[in-house]
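Report on one structure; see the data block that follows.
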Amino acid sequence: MQFDFGPSCVGLRGSFSKSRSCRSVHRIGKRLVIQGASEGRGTGVENNGESSSDYEEGDATISVIPQRNKSPIAAAEDVDVSNGTVAPATSSSAIPAAKKRQRRTRIPDKPYLRIMPWNLWTILKNYIGKELTEIPIPFNFCEPLSMLQRLVEDYEYSEILDKAAMASDSCEQLAYVAAFTVSSYATTSNRTAKPFNPLLGETYELDRTDDLGWKCISEQVSHHPHVVAQHCESKNWICHQEFSMTSSLKGKYLQVKPLGMTHLTFLSSGNRYTWKKVTTNVNNIIFGKLWVDHHGEMEIVNHKTGEKCVLQFIPSEPFSPSKQRKVTGAVMNAKRELVWVLNGTWDNKMEASKVAEKRSQVKGKQVLETEAPVVVWQRRWPPLHFKGVLRLWSQVLQPTDL
């Protein structure tokens, strides 16, 4: 009877049949060590000669060292030598189904603690007119997120970019891009807390390829001043930005001026857009309820076609409801002719109206007629169970209540 375990076992004699599960055979003294098979013992012959042809019949012990399974598939290749033969095992382990990724639906509750014997004005009053990014702020004035995580919120309405990628007209695409830039300010209407500063070299990666079709990575590349580099890509578009800011106290309000530029490229058309963020004010620093406002001009340029969109973030007037958080805009072609008109608010929705070909004259002035407006962005309001997470609707503690 012949041992025949394949190329690594040629010349051995015994009662074992050929098996692809035998990986190698080593002789240690009077023992034959078989690696790559399941546990078992068998009888065979062994000789002290150096050549495999010198083996003669006799008693010997064969030690079988099982191969470790590296995956569920490897269990199907185990062998059974309990009856003196090497054969594939009849049982196999089923491959477990891939588990669906479970994402958290809320962040931990923000503690509502009165552990500090001062308010925000007590901390900031000594820094009027100075740079505030390096001032240590008590943690109860911060939200449980870092700046790296906060910047990824710009892609909450990434479906707008997917619609823009499918647009056949570049001016229509520019209107959707303008709506996307406005949507990044939606969550700031009730968010007065400061995000934590990341460590130098800290990174944050968010992979939403399975449900939203994009993935993003951010890194803190400078600590003084604070600079964040961010890259986000989808199958239809690629967006990256470098973000930094300067802040100063202007008496009753805190002013934040973002620095850096955002770049957006659509892969199918090759259109590349750039824009800068507008100025942000945090009002009622001394007393009253804190509230956030954005104002300034944002210019979005298509560097391939020369088209441009100009958005105006109008400063809010507390006693004029019609001018609260209002945004207007105009999309112009390369000849600087008006093509689309945009209207809305940065905390709710944006509408776009296409300029009709027919134009009329009123008192010697040209009046443009527009088609019916189309909603290009509508805010999704957070569920009520987020109320206790960021204290979005909590009343700010008055100085007289300390």
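Numbering (this note's numbering), first residue to last: 2 to 403.
Glycine included, C-beta positions come from ideal geometry on N, C-alpha and C.
Whole-angstrom distance between residue j and residue i, CA atom to CA atom
i, j, result
"Ser-354", "Ser-223", "42 Å"
"Ser-169", "Ala-187", "28 Å"
"Trp-238", "Ile-129", "42 Å"
"His-304", "Arg-273", "6 Å"
"Gly-365", "Trp-341", "23 Å"
"Ile-328", "Leu-312", "Note on residue identity: the sequence assigns Val, not Ile, to residue 328. Taking the straight line joining both Cα atoms gives about 7 Å."
"Glu-300", "Leu-343", "13 Å"
"Pro-384", "Arg-107", "10 Å"
"Phe-267", "Lys-126", "46 Å"
"Glu-220", "Lys-336", "39 Å"
"Tyr-205", "Lys-216", "11 Å"
"Ala-180", "Gly-330", "10 Å"
"Cys-233", "Ile-315", "29 Å"
"Ser-185", "Arg-360", "34 Å"
"Glu-419", "Lys-101", "Here the chain has residues from 2 to 403 only, and residue 419 is not among them."
"Asp-155", "Glu-358", "35 Å"
"Glu-372", "Glu-352", "12 Å"
"Leu-265", "Gly-214", "16 Å"
"Ile-66", "Asp-211", "Caution applies to Ile-66, whose pLDDT of 49 falls short of 50 and renders its modelled position unreliable; the model cannot decide the point."
"Val-153", "Lys-164", "19 Å"
"Ser-321", "Val-183", "21 Å"
"Thr-281", "Glu-370", "34 Å"
Cβ shell of residue i (< 8 Å), same chain only, five flanking positions each side left out
i, result
"Gln-362", "Val-368"
"Met-246", "Thr-134, His-227, Val-257, Lys-258, Pro-259 and Leu-260"
"Ile-138", "Ile-124 and Lys-195"
"His-241", "Ala-230, Gln-231, His-232, Cys-233, Thr-263 and His-264"
Three-state class that DSSP yields for residue i in the structure shown
i, result
"Val-368", "strand"
"Arg-380", "coil"
"Leu-201", "coil"
"Leu-393", "A caution first: Leu-393 carries a pLDDT of 46, below 50, which makes its placement in the model too unreliable to give a value."
"Gln-103", "coil"
"Tyr-158", "coil"
"Thr-193", "coil"
"Ile-138", "coil"
"Ala-187", "helix"
"Asn-127", "helix"
"Ser-361", "strand"
"Arg-151", "helix"
"Ala-168", "coil"
"Pro-145", "strand"
Neighbourhood of residue i by C-beta distance below 6 Å, restricted to the same chain and skipping five residues each side
i, result
"Arg-151", "Pro-196"
"Ser-190", "Asp-348"
"Gln-325", "Ser-317"
"Glu-203", "Gln-221"
Sequence-distant residues of its chain with Cβ nearer than 7 Å to residue i (five each side left out)
i, result
"Gln-103", "none"
"Ile-302", "One point to set straight first is that residue 302 is Val, not Ile, in the sequence displayed. Result list for Val-302: Tyr-274, Thr-275 and Lys-309, in chain order."
"Ala-166", "Asn-237, Trp-238, Phe-267 and Ser-269"
"Cys-172", "Glu-308, Val-332, Asn-334, Val-340 and Trp-341"
"Gly-271", "Lys-305"
Count the C-beta pairs between the segment 368–384 and the segment 347–356 that are closer than 8 Å, then say yes if the count reaches three, no if not.
-> yes
Determine, using beta-carbon pairs with one atom in the segment 138–147 and one in the segment 225–232, whether at least three such pairs fall under 8 Å.
-> no
Segment contact flag, the segment 259–271 with the segment 286–295, C-beta cutoff 8 Å, min 3 pairs = no
Check whether the segment 235–254 touches the segment 275–288, counting contact only when three or more Cβ pairs, one atom from each stretch, lie closer than 8 Å.
-> yes
Runs of beta strand (DSSP E) wholly within the segment 216–263 (minimum 3 residues, chain order) | If you keep only unbroken beta strand (DSSP E) runs of at least 3 residues inside the segment 216–263, you get 228–235, 238–251 and 254–260.
3-residue-minimum beta strand (DSSP E) runs that sit fully inside the segment 280–304, ordered along the chain | 280–284 and 292–303
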